[in-house]
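**Q** Here it is, the structure, as structure tokens.
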Amino acid sequence: MGGFEAEIAEYVGNYTRRRGYPPTVEELISVFGLITVFCAMFYILNLYKIGMIRNSLFFGTNDLLLIPVKTK
């Protein structure tokens with residue numbers, strides 16, 4: 001996982017803990033200065049591939065859920 005993906009994962013986790021629900025892709029675009037939804041989805045899909053988040057890709061982009069990572 002790259003540094004930018006780690007920042008996004010941390011933001012999603014903190015946002016969810018504070019508000020009780022995850023941020024939307026549009027909010028991630030605003031916070032991280034991404035240019036398009038495609039750019040945001042690139043990073044979200046990278047996190048999804050490595051198992052860091054769960055995203056209801058078939059039901060919209062506002063359902064991001066950070067999956068806790070167990071450390072050794």
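Following our numbering, the numbering of the sequence shown begins with 1 at its first residue and continues without gaps.
Glycine included, every Cβ here is placed at the ideal spot set by N, Cα and C.
Computed from a predicted model, the values in this text were never measured in an experiment.
Work out the CA separation of Tyr-11 and Arg-18 for me, nearest whole Å.
**A** 11 Å
**Q** By a C-beta neighbour count over all protein chains shown, 10 Å radius and 16 as the cutoff for buried, is Gly-13 buried or exposed?
**A** buried
**Q** Going by DSSP in three states, Ile-35 sits in which element: helix, strand or coil?
**A** coil
**Q** Under three-state DSSP, which class holds Ile-8?
**A** helix
**Q** How about Glu-5 and Met-52: are their beta carbons less than 9 Å apart?
**A** With respect to the 9 Å criterion, Glu-5 and Met-52 are classified as neighbours on the basis of their beta carbons.
**Q** Label Tyr-21 either buried or exposed according to how many other C-beta atoms from any shown protein chain fall within 10 Å of its C-beta, with 16 as the threshold for buried.
**A** exposed
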